[in-house]
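Read the structure below first, then the notes.
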Amino acid sequence: MKLKLLFFTLLLTGISFSQNKGTVTGMLTDKDANNQSLPFANVVIKGTTNGTNTDIDGKYSIAAAPGTYIIQFSFVGYESVEVPVTIVANEIVTINQALGSAGYKLEDVIVRAAVNREKETALLLDQKQAVVIKQSIGAQEMARKGISDVEEGLTKITGITKVDGRGLFIRGLEDRYNNLLINDLQSPSNSPFKKIIPLDLFPTDVVGVLNIYKTFNPNISGDFAGATVNIETPQAKNITKLNIGFGYTTNNNLKDFLISDDSNSTKGTLGLIGKDRALPSIFGSVPSGQRLSPAEHENGFGNKSWDVNSTQSPLNSSIGFLHAQKFSLKNEKNISYIMSFNFDNKYTFREGVDRTFNLGQGNFDNNLYNTQYSYFTTFSGLAGMKYKTNRFNLNFNTFLIKATESKIQDQLGYTNSLANQTNNLIRLNQYEESNYWNTQLYGDYKLSEDGKHSLKAGGSYIKTSFQQPDRKFITGIKVNENDINMSYGGNNLNRQFLDVKGNFYYSSLLEYNLKFGNQEDSNTLSVGYNSSLNDMESSYRFFSGRRSIEKNYTADLNTISQNINQDINNGIVYVQEESNGDYKFKLNQFINAGYFNLFMNLGEKWDLNAGIRAENSTRVIKYRNQGDVFGSAFRKKTDDKLDILPSVNAKRILSENSNLRLSLAKTITRPVAMELLPINYINPDGTSESGNSDLKDSENYNADFKYELFPNNKELFAVGVFGKVINNPIERVFKPTANSGGQITTFKNSEQAVIYGAEIEMLLQLSRINESLSNFSFGLNTSLMSTDVKVNPTKQGNELENSTNRKLQGASSWLINSDLKYDFVLRKDWKNSMTLVYNVYGDRIFAVGSSGIDHIYEKSFSKLDFIWTSSLSKNVELKFGVDNILNPSYKKELGSKSTINITEDSLVLREFKKGVGFSVNIGYTF
C-alpha cells in the first residue's frame, strides 16, 4: 500500500511539475540561403544546460519553468544571436530566427550519407537518414570523451575493440578484415605488419568526422569484412588553438628506465636517430659477404652501438597547435585553410612471462621472463585549403605522420627446451621508424545549376616507409643485476636491417551523379571509377659477430661496447654479413574498379540502394629463394583476379522515429603484406614469423538486418543481426619445427568460416527516469557472435589440425562498450562534462593450435576510463583523464583442451599489466 501511495504521489508531482512549465518553440533559418531551414543548430537558455538542437526541418522546442530568460541561437560558422523571452506557465512562446552564414550549406544526405557536421546530434540524425548501415563519431563527441586519437575514438562505436599493439577488431574480426579511406580515397598502411595504418597515430585535431561503414556500398573498396573507416578532415572554421598535455602512468613513468645510448639524446628525444642507425655504406646495396676490418667497424657502427643507458623515465608529454581561417568572397564564394601539428612522446614498461610450447609435445620450448622498456614519439602535421562556390568545391590536403619506437628488451630464462639453463639472458636493442605522407586533391562540381548533374573526383599520392635499422641481439648468462658472462659465436652479436619502402601509392576516384524522379533529388544514379596502385619493396639483411679465437668473459651489459670493440681490434671477433639470396622482395598491386549505384525513393516508406562493383586486382610478387645468387633475376608470382561485388541496401521507414534496414553484399579480403610476402622475420628468442605467398583472397558473403528507434535527436535504440560466410578465411597458425627449433608463426587459408551474431546499441537521456537526472546520459553497445570454421584434414597444410571444425581465429564471442556522461555548469561560461567509459571483450583465438596442442587464446580484457572536460572560460579548456582504472592483466594462454599430456604447471604464455594512466591537457583558444 505504501508503494502504491508513493507511486501515485510521484506521478501527481511529475504531472504538476510538467504542467507548471512553459514552452519556447520555433524554427531557425539560413538568411543567406533563401531562408531555408537550418538543421542541427544550437538553441540553449543562456547560463543553463537546458538546450536542444534543431531537427532536420530547423525546428526546436524547449520547456522551462516560468521566468525571464535569454535564448541563444548559434551554429559553427554562423553568427550567434541572443533573444530575450518571458516564459509563462502552460503557455507556448514562438520565436523564429534567421542566422547569417558565410555561404555554408548542408550537403545532401543520400546513399553514403557523408556528414559535414561534427556534432553528436547531427551524426545521429545522419545515421537515421542514411540507407547503408553506418555509424559515426564527430569532433564534438571525441572532445567530450577526452579522446586523443582516432583509434581510441572508434572504440566508442558498436562492435569495435582495441587491442594493445594490434589495432582495431571490428565485429570480432582483426585488422586484416578492415579497410581505411581518408576523404573517400583509399589509403595504405605505414607498416607491412598491419592492413591499415595504426589509427592511434592520427590525433583528433586532424579529424572532423569518423564514419564506419559496416555494410558494403559499390563506391567504396570491396576489400573488407569487418568495416571500412572513412576519416573526414575537419570543416573550415575560424580557430587558433594551442594544447599542452602531460601524463603519468603507474609503473611506467618516474622509475628506472633503460634506453639505448643513441636514443638518450636530444635527437633521440625527438625521434630523429634513424639515419644514425642506417646500414653502413661500406656494405653497399647488394650483399657480398663483406667482412669488416676494425677501422671499418668503428667507422660504420661507432664505438658505443651496444651501450644502454640506465636513467629515469620522465612524464609523458604532448603539444599541439591548430589554426584555421575562413574568408568570405564575393558572390557567395569562400576560401579557407587549416594547419596543425602535434608531437607527443610516451614511456612504457612491460614485464611478465613470455613462453612458447613445443608443437606435439607438452613442454615449453621457450620459458622466459620479459622486461621491456619502450620510448615512443609521434609527430603529425596537416595543411589544407578549400575553395567553395555555389557549384564548385575544391580541397587540397597534405599530412605527414612520423612514428618511432626505441626499445630495450631483456628476456631471462631458457630457450630450445634447455630447462636446466634458466639464467640465459637475451637483450634486444631495437629502433623502429615509420613515415606516412599523404597528399590529396579532391572536389565536386555541379554540372547543372539545379545540381541534378554533378561530378566528384579526387586523387592522392602517398609515400610510406618502415625501418628497423640496426636491430641487434646480444646473449649470455646473467651473473648479477649488472653483469653478463658472454662468449662469441652462435646467435650472439647479431644485427638485422629491415627496410620496407613504399615507392609510391596512387589512389583515385571519379564519380558522376544524376538526380532524377518526380520529386526533386528523390533518386540518384551514380557511375564511377576507383583505382589504386601500390609499389613497394623490402630489404632484410643479416650481420653476425664471428669469433676467430675462443674467449669467455664477464662484463657490465650496459657498457659492453668497450669490451666488444677491444676484441674486434685484437682480432678475437669480427663482423661479417650473412644475408641470403632471399634478402629482397618486391610487390606491385594495381586495383581498378568500375561501379554503378542506384538510390531510389520508393514512395514515402521505402528507400533502396542497389549496385554492383567490378574490381580487378593484379598482384605481382618478385622474389628470390634462399639459395639464389645475389643479383640474379627475380622469380615472379602473379595473381590476376576479377571480383564482381553486388550489394543491396534497403530501408523501411516504420514511423517518423523508427526504421528497418536490410543489407546483402559480397566483399573480399586481401592479406596483409607480411602475411603474403615470403619473408622470415626472426626474433632474438628464436621465434619467427613467416609469410605465405600462396595465400588467396577471402570471399565474404554478408547479410545484415537492423531495427532502429530514434525517440528524439539525442537518443537511439537499435538491435541488429548479421551473418557472414567467408570462403578461404586467412588465419594465424604455427609451423612445426624439428627438435625445438623455435616457434614459427605463419598464415594459411582455411576452407570456410560461418559467422552470425547480434548487436544492440542505445543512447539514453536519464531524464526519462527522473527529471533530477536530466544532466546524465548513458550509452551502451554490445555484440554477440558465433563462428564456425570448417577444416578439411586431407588438404595440404591441414594435416596437423586438431579437429574438423573450430572457432575463427581472431574473433571474440562477445564485447561491450558503454559510457555514462554527466554535464553541469558551475558558473557562467564554466561548463563541465564528466564521462565514465567501460570496454570489455571476450576470449578469442590468437593462433590456431595443431599437433595435439590446443589454440592459444587472447584472454578477456576490460578497460575503465574517466574523463573530465572543463571549459573554464571561452578561451581555456582543461581535460583530466584516468586511463585503465582497473589495470587488469593482459594475457595469452594455451587452451585446456590439448590432446597430448601437458607437463608444465602453467598454461599462461604472455602476461603483463599496462598501469593506470593519469593525464592533464590544457587548451587555449586565441
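Going by numbering that gives the first Met the number 0, the sequence shown opens with residue 0, and the numbers climb by one from there.
Just so you know, even glycine gets a beta-carbon here, dropped at the ideal spot from N, CA and C.
- With respect to the C-alpha of E78, the residue from D29, N587 and S616 having the closest C-alpha is D29.
- The three-state secondary structure of D684, taken from DSSP, is coil.
- Contact between N315 and N242 does not hold, since their C-beta atoms are separated by about 14 Å, which reaches or exceeds 8 Å.
- Residue pairing from DSSP places L257 in a beta bridge opposite S309.
- Contact between the region 463 to 472 and the region 423 to 436 is established, with three or more Cβ pairs separated by less than 8 Å.
- Under the three-state reduction of DSSP, Q439 is assigned to strand.
- Following the DSSP letters along the chain, one finds N920 inside the beta strand (DSSP E) bounded by residues G916 to T924.
- For M535, the beta-bridge partners assigned by DSSP are G501 and L586.
- In this model, L179 and K332 are separated by some 32 Å (Cα to Cα).
- Per DSSP, N229 lies in no alpha helix (DSSP H) segment; the continuous beta strand (DSSP E) that holds it begins and ends at A226 to E231.
- Pairing F925 with T203, the inter-Cα distance amounts to about 19 Å.
- Judged by DSSP secondary structure, A757 falls within the beta strand (DSSP E) whose first and last residues are Q751 to Q764.
- Counting along the chain, E331 sits inside no alpha helix (DSSP H), nor does DSSP assign it H or E at all.
- Listed in chain order, the non-local C-beta contacts of T51 below 6 Å within the same chain comprise V42, Y59 and I61, local neighbours out to five positions each way being set aside.
- Annotation for T265: the continuous alpha helix (DSSP H) segment containing it runs T265 to T268.
- About 5 Å separates the CB atoms of K806 and T786; that is less than 8 Å, so the two are in contact.
- L783 places its beta carbon less than 9 Å from that of S812.
- Residue pairing by DSSP places N177 opposite A226 in a beta bridge.
- In this structure, the straight-line span from the alpha carbon of G516 to that of L446 is close to 18 Å.
- CA-to-CA, the gap between L427 and I559 works out to about 14 Å.
- Closest option to D469, judged by alpha-carbon separation, among S459, D498, D627 and N502: D498.
- Collapsing the DSSP output to three states places L98 in a strand.
- Going by C-alpha positions, N481 is about 26 Å away from G914.
- Note on W829: under 16 other CB atoms within 10 angstroms of its CB, so exposed under the neighbour-count rule.
- Short of 6 Å from the beta carbon of S657, and not among the five residues preceding or following it, lie these beta carbons of its own chain, in chain order: L708.
- Rounded to the nearest whole angstrom, the CA to CA distance from N797 to Q625 is 25 Å.
- The beta strand (DSSP E) runs of length 3 or more contained entirely in the region 437 to 487 are, from start to end of the chain, 452 to 477 and 482 to 486.
- If you draw a straight line from the Cα of P187 to the Cα of L814, it comes to about 28 Å.
- DSSP places V205 within a helical segment (H, G or I) once states are collapsed to three.
- Within the same chain, Y706 and I759 come within 6 Å of V718 by CB-CB distance, once the 5 residues on both sides are set aside.
- Residues S697, E698 and Q751 of the same chain have their beta carbon placed closer than 7 Å to that of N726, with the five preceding and five following residues left out of the count.
- About 10 Å separates the Cβ atoms of T744 and E674, ruling out a contact at the 8 Å cut-off.
- Under DSSP, P645 forms a beta bridge with I611.
- By the neighbour-count definition (other C-beta atoms within 10 Å, threshold 16), Y923 is an exposed residue.
- Proximity to G602 across K650, D853, Y700 and N711 peaks at K650, based on C-alpha coordinates.
- With a 10 Å radius around the Cβ and a threshold of 16 neighbouring Cβ atoms, E231 comes out buried.
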